[in-house]
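Scroll down for the structure; my scribbles are underneath it.
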Amino acid sequence: MHAHDDLADLLPDIPSLQACLADAGYLAEPGLATALFCAVRLPQPLLLEGEAGVGKTQSAKALAEILQTPLIRLQCFEGIDAAEALYEWNYPRQLLGIRVAEARGNDVAETTLFGREYLIERPLLQAIEHPGPRPAVLLIDEVDRADEEFEAFLFELLAESAVTIPEIGTLRAHHKPIVILTSNRTRDLHDALKRRCLYHWIDYPSLEHATEIVRMRVPEAKATLVSEIAAAVARLRTLDVQKPPGIAEAIDWVHAAVLLGVQQLDADSVQRTLGAVLKYREDHEVAHEAGLAWVAGA
Amino acid sequence: MPESALGQADLAAVASAFGHQLHAAGVPVTPERSARFAETVLLARPVTIDDVYWLGRVSLLSGQAQIPVYNAIFDRTFRGVVDFSEGLAIDPDAPPAPPAAHSERPPREGEPGRESDGVAPVTSATPGSDARADADLEDRSVLAAASPEERLGHRDFSECSPDELTLLRQLVEQLPLIPPMRRGRRTRRHPSGARLDVRATLRRAHRSGGDPVRRIRRRHVQRPRRVVLIADVSGSMEPYARVYLHLMRGAVRALGAESFVFATRLTRLTRHLATGGPDYAYAKVSEATPDWSGGTRIGEALNRFLDEHGRRGIARGAVVVIVSDGWEIGDPADVGRAMERLRRLAYSVIWVNPRSAAAQYEPLAGGMAAALPHVDTFLSGHSVRALGDVMTAIQTAKRGEPRRG
Chain Y
1 MHAHDDLADL LPDIPSLQAC LADAGYLAEP GLATALFCAV RLPQPLLLEG EAGVGKTQSA
61 KALAEILQTP LIRLQCFEGI DAAEALYEWN YPRQLLGIRV AEARGNDVAE TTLFGREYLI
121 ERPLLQAIEH PGPRPAVLLI DEVDRADEEF EAFLFELLAE SAVTIPEIGT LRAHHKPIVI
181 LTSNRTRDLH DALKRRCLYH WIDYPSLEHA TEIVRMRVPE AKATLVSEIA AAVARLRTLD
241 VQKPPGIAEA IDWVHAAVLL GVQQLDADSV QRTLGAVLKY REDHEVAHEA GLAWVAGA
Chain W
1001 MPESALGQAD LAAVASAFGH QLHAAGVPVT PERSARFAET VLLARPVTID DVYWLGRVSL
1061 LSGQAQIPVY NAIFDRTFRG VVDFSEGLAI DPDAPPAPPA AHSERPPREG EPGRESDGVA
1121 PVTSATPGSD ARADADLEDR SVLAAASPEE RLGHRDFSEC SPDELTLLRQ LVEQLPLIPP
1181 MRRGRRTRRH PSGARLDVRA TLRRAHRSGG DPVRRIRRRH VQRPRRVVLI ADVSGSMEPY
1241 ARVYLHLMRG AVRALGAESF VFATRLTRLT RHLATGGPDY AYAKVSEATP DWSGGTRIGE
1301 ALNRFLDEHG RRGIARGAVV VIVSDGWEIG DPADVGRAME RLRRLAYSVI WVNPRSAAAQ
1361 YEPLAGGMAA ALPHVDTFLS GHSVRALGDV MTAIQTAKRG EPRRG
């Protein structure tokens, strides 16, 4: 129970969470700060959706940083199953245990063979078993990539903060992990999963906000260059491109420009660094048609 | 709890009344979520109305599409557009307020969360033209002796009377639906698998004193491949559109297919078709598709599909079936480019053009001519029998000749 009070002291209200996140290098708009605040303090799992590159994963990292707890990340993919997400028995070790016991002429009790030392903990179990004092941040990334059966498998974890291992029993978390799920919306998630979660849709940030974020993430870049690139990304987003560049691309672009020693964005420097921000040949054609000088803001 | 009992009772009433209003406007808010909303208010102690806005949005919603309706109802309830006392006294049996009227109001200045202009607002627009308007055009006598299958199996849908179409629906729903298969990532034990199952072989070795005598093999499981159906519901396709909706409904339920329809814009129908009976599905379709039987912008619709759904994963490795006659009112070159992109993503592209059944058919429609080079299988699908061919083509879809990219 004292972990709760500890969190309440650390994050008494939403503005204080926002300030802590900013100290950790993550600028959260009020909506996201509200969502994260509720996720930590209720506590309740949070489902984050939004275009690729708006900072869904980054927000979980920043949250773990300010709470000074480990970030346990589970990257979902098609066909992910319990053995990869939850736990697996260390089969070779069990075999060895049997052989050693046989060689010594001992009996092997099943309870020792299926004891904790033969259990390989995967991310979900790690999050449940986290010893504290503060709860771990569990990031279940791109949950829409996993199969629907896997969602059902998450229910127990999300609702009870517990997992059941047939040989051992139900393991309950001492410190309920802070669960953040992200989805790119390649498919609709099951209602039962959504029902258990808070929900927040992260929009692409406004120009000023985007400039602030990039400036914070790439402090070595000149302020004028950052504003120019943020404006150029905003212009590219108005074009009919297949993948509108996100904040992650803007940061990559600034990095590339700094690396190449670009002082001011012009048609030539856009030409040289365009690959950092547009990743499709067709998108490059669209940008060239619109004119690189226009992109650079000339 | 420091709050007085009175304060909490008020909060509970406000939270549940607000949830109720959202529910009436079509946002699936449960009492559980309303309670969560109240909890967040107690926890965060909001100072401004914007704080309340975000707390409600985070705790009451479950999808991006619900945001515009939420904005409208929130404004009405908390920003004084309507006196809240009315909200408390709402009659549960009263017809739900049309959210369209509110969500189209311009956003207020300085208000957060209004950047989501790219999202089509959830509107309950008036349903499209009633397809039964032509019910009295012809009323053919129904032959009693022949079974519907015999009588209607070869009939072009466009020549059928409304009554016959009703019969056809049943036939269409009886079509066997077998999904195409792909190799799965997981493996399963199989006598002729290519991989050795070391674990099982060793386990078996216990029976023979530790010597592995029998090899146990595994092979990859077969999993159903994703199927995506995209149907044209513009004016020129009207005779076929309703029948294809039945086919889509069957495919969504039996194959877990994704369904989209388009005329001038693209609408995802998977959800609407997956729940409820056929009449419910149609009501939902015409509600969600205000441009039912309007003009056609195939290129734009396909691009939208690719940008918002296909590239994110829905079309990757999928069998994509497009039902359209290829009449494009935009630039046919757009259709060609979109099809080229689609083909690079998809495993197989099947184009069904009911008009192509005519003996003298040539792909003269601009969009059709532009799309054909990027199509793996081209079918007519104009009658129930031809629909059977479409189902076979989906089931046996093969990757076409080598493609670029």
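Protein chains in written order, with our numbering: chain Y, 1 to 298; chain W, 1001 to 1405.
All C-beta atoms, glycine included, are put in the ideal place defined by N, C-alpha and C.
Does any C-beta atom of chain Y lie closer than 9 Å to the C-beta of residue i?
i, result
"L1269 (chain W)", "no"
"G1063 (chain W)", "yes"
"W1054 (chain W)", "yes"
"G1336 (chain W)", "no"
"T1264 (chain W)", "no"
"V1058 (chain W)", "yes"
"I1067 (chain W)", "yes"
"T994 (chain W)", "The structure shown does not extend to residue 994 (chain W), since chain W spans only 1001 to 1405, so no value can be given for it."
"T997 (chain W)", "Residue 997 (chain W) is absent from the model: chain W starts at 1001 and stops at 1405."
"E1328 (chain W)", "no"
"R1218 (chain W)", "no"
"R1225 (chain W)", "no"
In the DSSP assignment, find the alpha helix (DSSP H) that holds residue i and state where it starts and stops.
i, result
"V1261 (chain W)", "From DSSP, V1261 (chain W) is part of no alpha helix (DSSP H) but of the beta strand (DSSP E) over 1258-1262."
"V1384 (chain W)", "1384-1395"
"H200 (chain Y)", "No alpha helix (DSSP H) holds H200 (chain Y); the beta strand (DSSP E) holding it covers 198-202."
"R1045 (chain W)", "It is not in any alpha helix (DSSP H) - R1045 (chain W) carries neither H nor E in the DSSP assignment."
"L1165 (chain W)", "1162-1174"
"L113 (chain Y)", "110-113"
Residue range of the beta strand (DSSP E) that residue i falls in?
i, result
"V1323 (chain W)", "1319-1323"
"P1224 (chain W)", "1217-1224"
"T1377 (chain W)", "1377-1379"
"V1228 (chain W)", "1227-1232"
"L171 (chain Y)", "169-172"
"S1348 (chain W)", "1348-1352"
Please classify residue i as buried or exposed, where buried requires at least 16 neighbouring CB atoms within 10 angstroms.
i, result
"E285 (chain Y)", "exposed"
"V214 (chain Y)", "buried"
"F77 (chain Y)", "exposed"
"N1406 (chain W)", "There is simply no residue 1406 (chain W) to check, as chain W begins at 1001 and stops at 1405 in what is shown."
"I1298 (chain W)", "buried"
"V1390 (chain W)", "buried"
"D268 (chain Y)", "exposed"
"L1196 (chain W)", "exposed"
"Y280 (chain Y)", "exposed"
Using a Cβ-Cβ distance under 9 Å, would residue i count as near chain W?
i, result
"N106 (chain Y)", "no"
"D141 (chain Y)", "no"
"I178 (chain Y)", "no"
"A35 (chain Y)", "yes"
"D81 (chain Y)", "yes"
"Q90 (chain Y)", "Reading the sequence as shown, one finds Asn at residue 90 (chain Y) and not Gln. No, because no Cβ of chain W sits closer than 9 Å to the Cβ of N90 (chain Y)."
"C38 (chain Y)", "yes"
"E149 (chain Y)", "no"
"T186 (chain Y)", "yes"
"D6 (chain Y)", "no"
"G297 (chain Y)", "no"
"E220 (chain Y)", "no"
"R172 (chain Y)", "no"
"I156 (chain Y)", "The sequence shown places Glu at residue 156 (chain Y), not Ile. Closer than 9 Å: no."
"E306 (chain Y)", "Because chain Y here runs from 1 to 298, residue 306 (chain Y) falls outside it and cannot be looked at."
Since residue i and residue j should fall inside the 8 Å C-beta cutoff, what is the C-beta to C-beta distance between them, to a whole number of angstroms?
i, j, result
"L1229 (chain W)", "S1259 (chain W)", "5 Å"
"P1180 (chain W)", "V1058 (chain W)", "Their Cβ separation, rounded to whole angstroms, is 40 Å, which puts P1180 (chain W) and V1058 (chain W) out of contact at 8 Å."
"A221 (chain Y)", "L207 (chain Y)", "In fact, because the Cβ distance is near 16 Å, the residues do not count as touching under 8 Å."
"Q18 (chain Y)", "A8 (chain Y)", "Actually they do not touch by this definition, with Cβ atoms about 16 Å apart."
"T182 (chain Y)", "T57 (chain Y)", "6 Å"
"R1189 (chain W)", "H1220 (chain W)", "Wrong, their Cβ atoms sit about 12 Å apart, outside the cutoff."
"V277 (chain Y)", "P245 (chain Y)", "5 Å"
"M1237 (chain W)", "D1331 (chain W)", "Not really, about 20 Å apart at Cβ, beyond 8 Å."
"E1340 (chain W)", "H1374 (chain W)", "5 Å"
"A134 (chain Y)", "Q68 (chain Y)", "It is worth fixing the name first, because residue 134 (chain Y) is Arg in this sequence and not Ala. Between Q68 (chain Y) and R134 (chain Y) the Cβ distance is about 7 Å, and since that is below 8 Å, they are a contact."
"L125 (chain Y)", "L86 (chain Y)", "5 Å"
Against chain Y: residues of the stretch 1035-1052 of chain W by CB proximity under 8 Å: R1036, E1039, T1040, L1043, A1044, R1045, D1050, D1051
Contact list for the stretch 1184-1214 of chain W against chain Y, Cβ threshold 8 Å: G1184, R1185, R1186, R1199, L1202
Contact residues within the stretch 230-250 of chain Y, judged by C-beta distance below 7 Å to chain W: Q242
Chain-ordered residues of the stretch 268-290 of chain Y with a beta carbon less than 8 Å from chain W: E282
Chain-ordered residues of the stretch 42-64 of chain Y with a beta carbon less than 9 Å from chain W: L42, Q44, L46, L47, E49, G50, A52
Residues within the stretch 189-216 of chain Y neighbouring chain A, beta-carbon criterion of under 8 Å: The structure shown has no chain A; the protein chains it does contain are Y and W.
Interfacial residues, the stretch 1304-1320 of chain W to chain Y, with Cβ spacing under 9 Å: L1306, D1307, E1308, H1309, R1311, R1312, G1313, I1314, R1316
Against chain W: residues of the stretch 9-27 of chain Y by CB proximity under 9 Å: D13, I14
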